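Okay, structure first, notes after.
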Amino acid sequence: MALKNRPDTAFENLSLFEEIYGSYFQAVRSILEQASAAPLTIQDMYRLIRSCAFEESAASIVPKLTEGPWSSLLEKTGDKTWKSRLKASSFKTPLTTLQKAWLKALLSDSRFRLFFTEEQLEQLSADLSDTPALYDLSDFHYFDQYADGDPYETLEYREIFRTVLKAMTEKRPLFAAYEGGKGRHLTLEVLPCRLQYSPKDDKFRLLCVSLRHGRPKAPTILNLGRIAACHLSRSPVPERFDWSYPDFSASKCDPVRIRIQNERNALERCMLHFANYEKQTVYEPDTDTWLCSLYYDPADETELLIELLSFGPVIRILGPEDFLRQVRERVRRQHELFYSDITV
Amino acid sequence: MSGFQELIKNFDRVRDYMRQFFLYGFKVRGEFGEKSGRTYDNERRRIENYLSGYICSDYTSKGKQVSIRMDSKQIRSNPLYAAWKSKSFTDRDLLLHFFLLDLLSEGNAMTVPEICDAISLQYGEELDAQIIRLKCREYEKLGILVAEKSGKSFVYHLAEPLALEKPPLLDPLLNAVKFCSEAAPFGVIGSTLLDRESASNDLFCWKHYFMVHTLEDGVLLTILTAMREHRFLSFENHSSRSGKSVTLEGLPLRIFVSTQTGRRYLCVYFVPKHRFNCLRLDCIFQPKLLDVCAEYDFFRKKLDRNLSHCWGVSFGGRSRLETLSMKLYIDETKESHIISRLRREGRGGEVERVRENIWLYTGTFFDTNEMLPWIKSFTGRILDLQCTNQAVLDKATADLETMYQMYGKEEDDGFEEPAGHSL
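Chains A and B are the protein sequences, given in the same order.
Mapped onto the working numbering, the consecutive letters of the first sequence carry residue numbers 310 to 653.
Mapped onto the working numbering, the consecutive letters of the second sequence carry residue numbers 809 to 1231.
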C-alpha cells in the first residue's frame, strides 16, 4: 500500500473543548454586557452566573471579578455596585472556524434545509463558500433508522413545515387538514406548542392542543407527514393559554421493573438501549443480577414491550402486573404457534 | 476539599465518570476501581455541579450511589453539553479574551505592541508582548482574529461577521440551530452558537434521544478529520468486557450510527487482515492521524458495496451470506401496522404475502445473529423461522422456549417478586 508523507491538516487543531465556549467565559461576558448598561450588585452577578454556568461557579467568579485577578474588568461605582471598565457593550465572539464548518456541513442536511427558502439557502451557501464542511453526510451510516421517514425534500412538506414553524414562533393557532388513521380525513384547529423529532422514526410530530369554539381542548399529536395542508388561523389565542407546559404525556405510570442477568453482556446492552428512559438500577449481589426500574410514558407502552421482548431471556420482566400480563400473552401465543396445531 | 475546582484540563476523565453515572448509576465510591477515593469525590462533585437537578443519590448497603436521571422526552437541550463547557483557563486567558474583544471592537486593527500598550494604559494590566502574540495567533487559528501584514509586522482585527449573522437570515438560522444542536452530529457546536446569541431551544422536543453519546464527540472529530483527509488512524481500543486496552491502526471509512440505541461505531479497514470492522466510539481513546492512503476511495467504495448486506455492524465470519426467513401470522383487518413494521424495519429484506393473514419476511445478510433481537420483538406472531445458519436458528428457538419457561406456564403466574425487592 502506497503511503504518502503527512502534510499539515486544515482541521487537525480544531477542538470542541475550548475555554472560549466555556460557561465561565459566557458568565463573565453576560456580566460585562449588563454592567456596561447599568451598575450591578453582587446579587445581580450571582443571578447572571447562575443562568449560564454551574452550581458553584458564582462563588468562584464573583470574588475574582470584584477584588481578585479579574478586577481590571470592573470598576466599583458605589458602595455595593460595579460597572464595566471596558468601552464595548457587546462581547459576542466572531464565529469560529469550527462553528462555520459545522454550519457548512448542515447545508447538506435536508432537515436543516427545511427552515429556509431556496433563496435563503443560496445566500447561506454563498456566505459559507470559503468554509470547508466539518463532515460529509455520507460519513454517517444510520443502519437501523426506519425506512418510512418524513419526505423532507418535497415542496409540499417543506411548505407545511415552515407554516407550522411560523405558527409556533408567532404563537398563533393553525388550521390543518389531516389524514388520520384508517384513511380518515380531518380538519383541525390547533395551538401548536412543540415539534417533536425522533431520529429512530426520522419523523417530526407536532405536539399541539386542539381548539374548539375558541377553547383549548385535549392535547393532540399530529404526524407532520400526514398534514395534507395547513395555514395560520385568525382565531384569537385563549387567554392565559400556557404555550410552554401543556401536559402531553399522561402522568407517568408505575415503572416497568426488570431483572437483568449477568450473561451475554445484557447489563451494558440494557443500559445503553434504555438510556433514553429515566431509570434506576441496583445491583443484587445475592443473585448476581441487577434490578432496573424504567419510567415510561404510557403512550409508549407497546414500543417498550417489544423492546423488552427483543432482549429475550437475559432479562426478566417483573411488573407491573398489567404489563406482565401482556408479556405472558405474547409468549404463550408464540409457544402455541410453534408447537400446537392451532388454526391461524 | 479546599482545592476543589469546577473546571478541568482533561476531558477524558469527566467523559469516563459522566458516562458511568449516566448509563449505570449503580456503582458506589469503592467500585470506581483504579481511581482514588479523593478523585472520585472531586469528579462526583463536579458532575453534581454541572448537572444539578438531574443528579440522584441513593444509599445502599455498599455506600452512596450517584446517578444522572433524566427523561429524554422532557429535555430541551442536552445537559451533558456542560462537560464541553468546563475547560479550565488561566486568569490571563480570560483577561486577554475580553481586552482583545474590547480593543478590536468597531473594526479596530492593532499590532501586538499597540495592543500591549493599550492594555497597560486603559486597563492597568502589564502583560508581556510575547504572551499577547501567542494569544493572537491562537485566536487566528480559531478563526476569531484575522492577521494582515502591515510593513514588517502583523495587524490583527476581528473576523468580519457573515451575512447569516444578521436579519433576515438570522432568525431562521437560529431556529435551525435549535433543532440541529440536538439532532445533528456535533450538536454541542450548535449549543455554543445558541450561547453566543443568548438563545435557547423553545421549539423542539425529542423522542429516542440518546444524550450520553456527545461524550464521544471529541474522538469523532479527530476520526472525521482522518476520513476527510484519507488518512490512516491509530487509536487505543478499550474492551468494555475484558477491560484490556490495545493500540490499533487502520483506515477509518465511515461512522455507523444506531438511532435505536444512540451507539456509534467506527468502521475501519484493517489492511493486514483485509477486513472491515466496526468498533464502538465509546471504547476508542487517543485517536491520532497517520499517513494518507492513496487507495482510500477504493476501500470506501468496497465498503459501500457491502453495506446492503450489513444488518447492523457485523461483517460476519468468512462464510457466505446468510439468509433468514420468518413467517408471521398477522390479522390483516386489525394489524396492518405490523406489515408496515416489516417494511420499514426490515432493512431491505423482502416482505411478501403468502396467503390471507400469513406474511413472509426474507433477508440475506452477513450475520443473521444480529437479527435476533428484532426477530424476538415479533414474539407472539412467529409461525416459522428458517435460517441458513443453524446456530442462529437454534439460539432463536432456545430463547423463545426459555421465555416460555419464564412466563408461559400457568403455575408461574404468581412469580412476581414481593414489592420489597423491587425499586
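Even for Gly, the Cβ is constructed at its ideal location relative to N, Cα and C.
All values reported here derive from a predicted model rather than from experimental measurement.
- Listed in chain order, the positions of the segment 374 to 401 of chain A with a beta carbon within less than 7 Å of a beta carbon of chain B are P378, W379, S381, L382, R394, L395, K396, A397, F400, K401.
- Residues of chain A with a Cβ closer than 7 Å to the Cβ of W1014(B) are, in chain order, Q505, Y506.
- In this structure E593(A) is exposed. Its beta-carbon is surrounded by fewer than 16 other beta-carbon atoms within 10 angstroms.
- Residues of the segment 332 to 355 of chain A whose Cβ lies closer than 8 Å to any Cβ of chain B, in chain order: S332, Y333, F334, Q335, V337, R338, S339, L341.
- When C-beta atoms of the segment 320 to 333 of chain A are compared with those of the segment 944 to 953 of chain B, three or more pairs fall below 8 Å, so the two segments count as touching.
- Separation of G1070(B) and L520(A) (C-alpha to C-alpha, rounded to the nearest whole angstrom) is 36 Å.
- Between F1107(B) and L1032(B), the alpha-carbon positions lie close to 16 Å from each other.
- In this structure, the CA atom of R823(B) is about 20 Å from the CA atom of S865(B).
- By alpha-carbon distance to R1049(B), the top candidate from H540(A), L576(A), Q352(A) is L576(A).
- Taken in chain order, the members of the segment 900 to 934 of chain B whose beta-carbon sits within less than 7 Å of a beta-carbon on chain A are D901, L902, L903, H905, F906, L909, D910, S913, Y931, G932, E933.
- Taking 9 Å as the cut-off between beta carbons, the residues of the segment 402 to 423 of chain A near chain B are T402, P403, L404, T405, T406, L407, Q408, K409, A410, W411, L412, A414, L415, D418, R420, F421, R422, L423, in sequence order.
- Scanning its chain for C-beta atoms nearer than 7 Å, with the 5 sequence neighbours on each side dropped, one finds around Q635(A) the residues L614, in chain order.
- Residues of the segment 428 to 440 of chain A whose Cβ lies closer than 7 Å to any Cβ of chain B, in chain order: Q429, Q432, L433, D436.
- Counting only residues of its own chain and dropping the five nearest sequence neighbours on each side, P348(A) has a CB closer than 8 Å to the CB of T386, G387, T390, W391, K392.
- Excluding residues up to 5 positions away in sequence, D511 lie with their Cβ nearer than 6 Å to the Cβ of Q454(A) in the same chain.
- Take C1091(B), set aside five residues on each side of it, and the residues of its chain with a beta-carbon closer than 8 Å to its own are N1045, H1046, S1047, S1048, in chain order.
- For P1060(B), the closest of S1053(B), E1037(B), V1054(B), S961(B) by C-alpha to C-alpha distance is E1037(B).
- Here D1025(B) is buried. Its C-beta has 16 or more other C-beta atoms within 10 Å.
- Around the beta carbon of A527(A), fewer than 16 other beta carbons sit within 10 angstroms, so the residue counts as exposed.
- At a cut-off of 8 Å between beta-carbon atoms, F1078(B) makes no contact with chain A.
- For P980(B), the secondary structure class from DSSP, reduced to helix, strand or coil, is helix.
- At a beta-carbon threshold of 7 Å, the residues of chain B lying near N585(A) are S880, H1016, Y1017, F1018, ordered along the chain.
- Put simply, the backbone Cα of T919(B) is about 24 Å away from that of R338(A).
- The distance from the Cβ of Q1068(B) to that of K509(A) is about 5 Å, consistent with a contact at the 8 Å cut-off.
- In terms of Cα proximity to D1010(B), the closest of P607(A), S399(A), K480(A), I329(A) is K480(A).
- Secondary structure at C1091(B): helix, using DSSP grouped into helix, strand and coil.
- For C1195(B), the enclosing beta strand (DSSP E) covers residues 1190 to 1195.
- Within the segment 937 to 965 of chain B, the residues whose Cβ lies closer than 7 Å to any Cβ of chain A are, in chain order, K949, L950, G951, I952.
- Between D551(A) and chain B, the shortest Cβ-Cβ separation is not below 8 Å.
- Close to chain B, meaning a Cβ-Cβ distance shorter than 7 Å, are the following residues of the segment 568 to 585 of chain A: N574, E577, M580, L581, H582, A584, N585.
- Going by C-alpha positions, Y964(B) is about 46 Å away from V1079(B).
- Considering only beta carbons, the part of the segment 452 to 464 of chain A lying closer than 7 Å to chain B consists of F452, D453, Q454, Y455, A456, D457, in chain order.
- For the pair of segments examined, the segment 466 to 481 of chain A was found not to touch the segment 993 to 1004 of chain B: the number of CB pairs separated by less than 8 Å stays below three.
- For the segment 1203 to 1214 of chain B, the beta-carbon criterion of a distance under 7 Å to any beta-carbon of chain A is satisfied by D1207, L1208, T1210, M1211, Y1212, M1214.
- Of all residues in the segment 1085 to 1102 of chain B, those with a C-beta nearer than 8 Å to a C-beta of chain A are L1097, L1098, D1099, V1100, C1101, A1102, reading in chain order.
- DSSP places N571(A) outside both helix and strand once states are collapsed to three, so it counts as coil.
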